[in-house]
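Colleague:
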Amino acid sequence: MQMTTSELRTAFLEYFRNHGHQVVSSSSLVPHNDPTLLFTNAGMNQFKDLFLGIEQRAYNRAVTSQRCVRAGGKHNDLENVGYTARHHTFFEMLGNFSFGDYFKRDAIRFAWGFLTGEVKLPKDKLWITVYETDDEAFDIWNKEIGVPAERIVRIGDNKGARFASDNFWTMGDTGPCGPCTEIFYDHGEQIWGGPPGSPEEDGDRYIEIWNLVFMQFNRHADGTMEPLPKPSVDTGMGLERIATILQGVHSNYEIDLFQALIKAAAEAVGTRDLDNKSLRVIADHIRSCSFLIADGVMPSNEGRGYVLRRIIRRAVRHGRKLGATASFFHTLVGALCEQMSDAYPELNTQRGLIEKVLRLEEEQFARTLDRGLQLLEDAIVELGGSKVLPGEVVFKLYDTYGFPADLTADVLRDRELSIDEAGFESLMNQQRERAKEASNFGADYTKVLKVEGRSDFTGYQHLADATQVTALFRDGEAVPALIAGEEGAVVLAKTPFYAESGGQVGDAGVLKMDDGLFVVKDTQKTGNAILHLGYLELGTLEVGEEVTAEVDGDRRNATALNHSVTHLLHACLRKLLGKHVVQKGSLVGPDRLRFDFSHLEAMSAQEVREVEDMVNQEIRANHAVSTELMDLDEAKETGAMAQFGEKYEDEVRVVAMGDASTELCGGTHVQRTGDIGLFKILSESGIAAGTRRIEAVTGAAALAYLHQLDQEIAQTAGLVKGDLFSVSAKVKQVLERSRQLEKEVKQLKAKLTAHAGASLLEQVREVNGIKVLVANLDGVDAKSLRGSLDDLKNKLQSGVVLLATVNDDKVSLIAGVTKDLTDKVKAGELVNVVAQQVGGKGGGRPDMAQAGGTEPARLPTALASVTPWLTERL
1 MQMTTSELRT AFLEYFRNHG HQVVSSSSLV PHNDPTLLFT NAGMNQFKDL
51 FLGIEQRAYN RAVTSQRCVR AGGKHNDLEN VGYTARHHTF FEMLGNFSFG
101 DYFKRDAIRF AWGFLTGEVK LPKDKLWITV YETDDEAFDI WNKEIGVPAE
151 RIVRIGDNKG ARFASDNFWT MGDTGPCGPC TEIFYDHGEQ IWGGPPGSPE
201 EDGDRYIEIW NLVFMQFNRH ADGTMEPLPK PSVDTGMGLE RIATILQGVH
251 SNYEIDLFQA LIKAAAEAVG TRDLDNKSLR VIADHIRSCS FLIADGVMPS
301 NEGRGYVLRR IIRRAVRHGR KLGATASFFH TLVGALCEQM SDAYPELNTQ
351 RGLIEKVLRL EEEQFARTLD RGLQLLEDAI VELGGSKVLP GEVVFKLYDT
401 YGFPADLTAD VLRDRELSID EAGFESLMNQ QRERAKEASN FGADYTKVLK
451 VEGRSDFTGY QHLADATQVT ALFRDGEAVP ALIAGEEGAV VLAKTPFYAE
501 SGGQVGDAGV LKMDDGLFVV KDTQKTGNAI LHLGYLELGT LEVGEEVTAE
551 VDGDRRNATA LNHSVTHLLH ACLRKLLGKH VVQKGSLVGP DRLRFDFSHL
601 EAMSAQEVRE VEDMVNQEIR ANHAVSTELM DLDEAKETGA MAQFGEKYED
651 EVRVVAMGDA STELCGGTHV QRTGDIGLFK ILSESGIAAG TRRIEAVTGA
701 AALAYLHQLD QEIAQTAGLV KGDLFSVSAK VKQVLERSRQ LEKEVKQLKA
751 KLTAHAGASL LEQVREVNGI KVLVANLDGV DAKSLRGSLD DLKNKLQSGV
801 VLLATVNDDK VSLIAGVTKD LTDKVKAGEL VNVVAQQVGG KGGGRPDMAQ
851 AGGTEPARLP TALASVTPWL TERL
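For what it's worth, full-length UniProt numbering labels the leading residue of the sequence shown as 1, then goes sequentially.
Right, here's the structure in full:
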């Protein structure tokens, strides 16, 4: 009986667990504190700091099944998805890792043992590649494993390659790197293609299934290769690829997982053609979209959200292509949960949110899809014999109708047409620059501040501690001492200072010596060491010196109030709005707090008031705040909420506030919820699609805010001659009186204008038998000119009128010509004769036109030119 994809994933994890590896959960698709990545795209991403030597964990061997997305930035497989056998936007990467423990020999033995022993692949079907100079790996495969030399291929280093394309892998332009060995599977001579390294290697006969990277060196920006002190191993095997082989099929889309999704998609769009490539696109895209939303990404017009929107719209377009007339994409989430929620329970937890986001996005896209497709069809007809769609059409589809260029290219692919990419790119220059900034993920890893050893945090128990300086840094370089006036970073053996983490700001305070004082302005963490950032105010500070570390207690306490209340706020939001609410970030400082959470709509004023009341009720309940250390799995079983994007060790700190809230959190907190005193929301706003933000204050800051509010209301009440409880009624009276006065002023202005208009009739002159009136109405509001013009035209019955007025150094002009004369004089031409002389321009209908100008000093001369100009035309 063949192994299902789910069984294969489990077998891989258990195999390496039995060989001493720690099973580590898949990290989020949104990389935590890693500016070098748009999305998690490999199993090693979450272990990057371990490979760099700036983080340590309780294990030195790990195994994962990591969810990955490659649909943006440097890894963009979107255009090929659905049209090839192995391209996906979302995939799972199986990997085993060694952090300075085992190396080439054991890595190769583990891989061979799993493939030939655990899942029983025929040995004669497996081919091997090694880096051209890696004799050690070649000998292990040949002499120890027994792979014949003719099935081991040496592959050279392409100097321009980046990501293991020629058996030498690098993390980036700089950082850990080294040779790798790859394992290929031979599908048989019935399929065209040659072994790796041969001219026919691009065929489908020999397929790479596993890559073993041997991290031996650290590449510097100048290209030099420094041997790593602890060589490590990073491997990656695509779950979908190995499942294809074990299930006896040739395309990833034929494995059990995809077949279930394809059948669900076919039912959703109403087709029986299960071989249609559009169903493959939809089946792939429901995975990436669902997991991205579950990990906090929402559709938007930039960054990660824009990539998600592109994928959703591509899936919807393919559904329409198959005949779908109603929203269908969100209905596939259930089928995905059936296939993958055992391994990824967050799919079930977030199912409601995922379905809602996909439905709303599809409905929004549907409103513009039909018009956009019609525009595209019209453009295709106009191509004639050309095979290339002009860049300006591609840009219009993107800019006006929300069609990404790759979606347009996808439509054209079926017609054997292409897009003018160069023309489109030139029109997209500004958008491309923004996208470049959003995906400008490059860093020099050798510049990361590396600190040996660790700092023990003692700040949960007290705010002062006697300790010893273990390292000093100035301008990023280690130094033996700091002198008065110098800025730097101090590392202590133990410290009560909390380092910025989980949204809580770092502590401030002082380090005291016998004859000196170091002022700590901020506290940060690098690896396992805590950095005290600040300046030496007095004396000299040396490595090894004894100091007393004292935290600013008032600042810490105020921060603790704000941090603790975020836990209560989180719990109350979930209770009021629904379980889809998940923390998306926070900033907790001594003066206020900021809390970001997932919610698709703005909260009503009533909801804001209600959640504020709920939080204050939990504060008054005066729950005891308890903390307990427990295993991560045990903590999750208690229902403890985890903070968005945080990385957790195997042993975690669980903070419980009675039965109101239980969360995983390493921050500092109050002893009882009553210590918070008062909670007041300052604002609720949207910061991105599907993400809301609440800003609030607690304790003394909340009381100060209310005092200020009282003062403002009292001052306002005094101005309107009321009291605190009648101020709104009094303000309403003032506003009503103001509106009445404005109405009266408007009426008076209209009367004055009408009176001025009547007197203007005395200024009418005849030009070649035609009545002409040219006048400057001093003090008349520009908006009143239209009424005066209409009144004068009615009274003249036949004639030409031009009126002007000046307000705030701006000229306003209006010209009117009765309809019997528009064949001789156009109002637009007349008004522009004057406008051009006063630094302006205008336009309008033949019988009425308006204009403006910025040079009022030239108005008299301009008005005087009207009669001569009309004389030539009448």
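Heads up, the beta-carbon is just placed ideally off N, CA and C, and yes, glycines get one too.
By the 10 Å Cβ neighbour count, where 16 or more other Cβ atoms means buried, how is F725 classified, buried or exposed?
Modeller: Your numbering for residue 725 matches position 725 in the sequence shown. With fewer than 16 other Cβ atoms within 10 Å, it is exposed.
Colleague: Runs of 3 residues minimum, wholly inside the region 575-654: which ones carry the beta strand (DSSP E) assignment?
Modeller: 583-588, 593-598 and 625-631
Colleague: Is Y253 helix, strand or coil when you go by DSSP?
Modeller: As a working note, residue 253 is residue 253 in the sequence shown. Residue state, collapsed to three classes: helix.
Colleague: To which residues of the same chain is P345 closer than 6 Å at the C-beta, ignoring the five residues directly before and after it?
Modeller: By one-based count along the sequence shown, residue 345 stands at place 345. Taken in chain order, the list of residues that qualify is empty.
Colleague: Give, in chain order, every unbroken run of the beta strand (DSSP E) that is at least 3 residues long and sits entirely within the region 669-749.
Modeller: 679-688 and 691-698
Colleague: Look at the alpha carbon of W192 and the alpha carbon of P199, and state the distance between them as a whole number of angstroms.
Modeller: Translated into the one-based positions of the sequence shown, residue 192 becomes position 192. Translated into the one-based positions of the sequence shown, residue 199 becomes position 199. Pairing W192 with P199, the inter-Cα distance amounts to about 12 Å.
Colleague: Report yes if the CB atom of L802 is closer than 8 Å to the CB atom of G852, and no otherwise.
Modeller: Counting from 1 along the sequence shown, the entry for residue 802 is found at position 802. Counting from 1 along the sequence shown, the entry for residue 852 is found at position 852. Contact: no.
Colleague: Got a sec, what are the start and stop residues for the beta strand (DSSP E) P229 sits in?
Modeller: Residue mapping note: residue 229 aligns to position 229 of the sequence shown, counting from 1. Start and end: M225 to G238.
Colleague: Where does the unbroken alpha helix (DSSP H) through F473 begin, and where does it stop?
Modeller: For the purposes of this step, residue 473 is taken as the residue at position 473 of the sequence shown. Note, F473: premise wrong, no alpha helix (DSSP H); beta strand (DSSP E) at A464 to R474.
Colleague: Whose C-beta lies closer than 8 Å to the C-beta of V153 among residues of the same chain, with five residues either side of it excluded?
Modeller: Position 153 of the sequence shown, counting from 1, holds the residue named residue 153. The answer, listed in chain order, is W127, I128, T129, V130, P195, P196 and G197.
Colleague: From the DSSP output, read off the bridge partner residues of E92.
Modeller: Position 92 of the sequence shown, counting from 1, holds the residue named residue 92. R67, per the DSSP bridge assignment.
Colleague: Please name the residue in Q350, K125, L121 and K356 whose C-alpha comes closest to that of L148.
Modeller: Looking up residue 148 in the sequence shown gives position 148. Residue identity differs from the one stated: residue 148 is Pro in this sequence, not Leu. Measuring from the Cα of P148, the nearest candidate turns out to be K125.
Colleague: Going straight from the alpha carbon of F16 to that of D106, what length do you get?
Modeller: Sequence index remark: in the sequence shown, residue 16 carries index 16 (1-based). Sequence index remark: in the sequence shown, residue 106 carries index 106 (1-based). One C-alpha to the other measures close to 12 Å.
Colleague: List the whole-angstrom C-beta distance separating E663 from A640, where the pair is believed to meet the contact cut-off of C-beta under 8 Å.
Modeller: If you number the sequence shown from 1, residue 663 lands on position 663. If you number the sequence shown from 1, residue 640 lands on position 640. The Cβ separation is near 6 Å, so the contact holds.
Colleague: Quick one: grab the DSSP three-state call for P480.
Modeller: The residue you call residue 480 lines up with position 480 of the sequence shown. P480 falls in the coil class under three-state DSSP.
Colleague: Between the Cα of H270 and those of I293, I311, H669 and F329, spot the shortest distance and give me the residue it belongs to.
Modeller: Here residue 270 corresponds to residue number 270 of the sequence shown, with the count starting at 1. The sequence shown places Gly at residue 270, not His. It is F329.
Colleague: Using only the alpha-carbon positions, how far apart do Q711 and D723 sit?
Modeller: For the purposes of this step, residue 711 is taken as residue 711 along the sequence shown, with counting starting at 1. For the purposes of this step, residue 723 is taken as residue 723 along the sequence shown, with counting starting at 1. In a straight line, the C-alpha of Q711 is about 12 Å away from that of D723.
Colleague: Given Y535, which residues of its chain have a CB within under 8 Å of its CB, disregarding the five upstream and five downstream residues?
Modeller: Taking the sequence shown and counting its residues from 1, the one referred to as residue 535 is at position 535. G485, E486, E487, G488, F518, V519 and K521.
Colleague: L427 and E392 - do their beta-carbons sit closer together than 8 Å?
Modeller: Taking the sequence shown and counting its residues from 1, one reaches residue 392 at position 392. Taking the sequence shown and counting its residues from 1, one reaches residue 427 at position 427. Yes; because the gap between Cβ atoms is below 8 Å, this pair is in contact.
Colleague: On the three-state DSSP scale, how would you describe K824?
Modeller: In the sequence shown, residue 824 corresponds to position 824, counting from 1. Annotated three-state conformation of K824 is coil, per DSSP.
Colleague: If I'm right that P480 touches V543 with Cβ under 8 Å, what's the distance once you round it to whole angstroms?
Modeller: Position 480 of the sequence shown, counted from the first residue, corresponds to residue 480. Position 543 of the sequence shown, counted from the first residue, corresponds to residue 543. Rounded, the Cβ-Cβ distance is 6 Å, consistent with contact.
Colleague: Does DSSP put Q2 in a helix, in a strand, or in coil?
Modeller: Numbered from 1 along the sequence shown, position 2 holds the residue referred to as residue 2. In this structure, Q2 counts as coil in the three-state DSSP scheme.
Colleague: So for P195, helix, strand or coil by DSSP?
Modeller: Counting from 1 along the sequence shown, the entry for residue 195 is found at position 195. In this structure, P195 counts as coil in the three-state DSSP scheme.
Colleague: Tell me the rounded alpha-carbon separation between K584 and G686.
Modeller: Looking up residue 584 in the sequence shown gives position 584. Looking up residue 686 in the sequence shown gives position 686. C-alpha separation (whole angstroms): 12 Å.
Colleague: Just to confirm my understanding: we take F114, look at its own chain, exclude 5 residues before and 5 after, and list those with CB closer than 6 Å. What are they?
Modeller: Reading the sequence shown from its first residue, position 114 is the one you call residue 114. Cβ neighbours of F114 beyond the five flanking positions: Y15.
Colleague: May I ask you to verify whether the region 492-503 touches the region 549-558, counting CB pairs closer than 8 Å and requiring at least 3?
Modeller: yes
Colleague: Taking only three categories from DSSP, how would you classify I54?
Modeller: By 1-based counting over the sequence shown, the position of residue 54 is 54. Note: I54 maps to coil in three-state DSSP.
Colleague: Which residue or residues does DSSP assign as beta-bridge partners of G175?
Modeller: Taking the first residue of the sequence shown as 1, we reach residue 175 at position 175. Beta-bridge pairing links G175 to R219.
Colleague: Report, in whole angstroms, the separation of the C-beta atoms of L376 and L397, which I expect to be a contact under 8 Å.
Modeller: Numbered from 1 along the sequence shown, position 376 holds the residue referred to as residue 376. Numbered from 1 along the sequence shown, position 397 holds the residue referred to as residue 397. Rounded, the Cβ-Cβ distance is 6 Å, consistent with contact.
Colleague: Taking all protein chains shown into account, do 16 or more other C-beta atoms lie within 10 angstroms of the C-beta of G323, making it buried, or fewer, making it exposed?
Modeller: Indexing the sequence shown from 1 puts residue 323 at position 323. Classification for G323: exposed.
Colleague: As a quick exercise: from G674, A42 and I681, pick the residue whose alpha carbon is nearest that of A660.
Modeller: Within the sequence shown, residue 660 is the residue found at index 660, counting from 1. Proximity to A660 across G674, A42 and I681 peaks at G674, based on C-alpha coordinates.
Colleague: Go through its chain and collect everything with a Cβ distance to A438's Cβ below 7 Å, but skip five positions before and after it.
Modeller: Translated into positions along the sequence shown, residue 438 becomes position 438. Confidence is the limiting factor: at A438 the pLDDT is only 40, short of 50, which leaves the residue's position unreliable, though a coordinate-based value still follows. Once the five neighbours on either side are set aside, the close Cβ partners of A438 are E302 and G303.
Colleague: Between which residues of its own chain and H318 is the CB-CB distance below 6 Å, once the five residues before and five after are set aside?
Modeller: As a position in the sequence shown, residue 318 is number 318, starting the count at 1. Within the same chain, S278, V281 and I282 come within 6 Å of H318 by CB-CB distance, once the 5 residues on both sides are set aside.
Colleague: For A164, count the other beta carbons within 10 Å of its own beta carbon; 16 or more makes it buried, fewer makes it exposed. Which is it?
Modeller: Indexing the sequence shown from 1 puts residue 164 at position 164. Any reading at A164 is ruled out, since the residue's pLDDT is 39, under 50, leaving its predicted position unreliable.
Colleague: For D101, which option in Q216, K120 and D186 has the closest C-alpha, if you only look at C-alpha atoms?
Modeller: Locating residue 101 in the sequence shown gives position 101, where the first residue counts as 1. Closest by alpha carbon: Q216.
Colleague: Can you tell me which of the three DSSP states G100 falls into?
Modeller: As a position in the sequence shown, residue 100 is number 100, starting the count at 1. In the structure shown, G100 sits in coil (DSSP, three-state: anything other than H, G, I, E or B).
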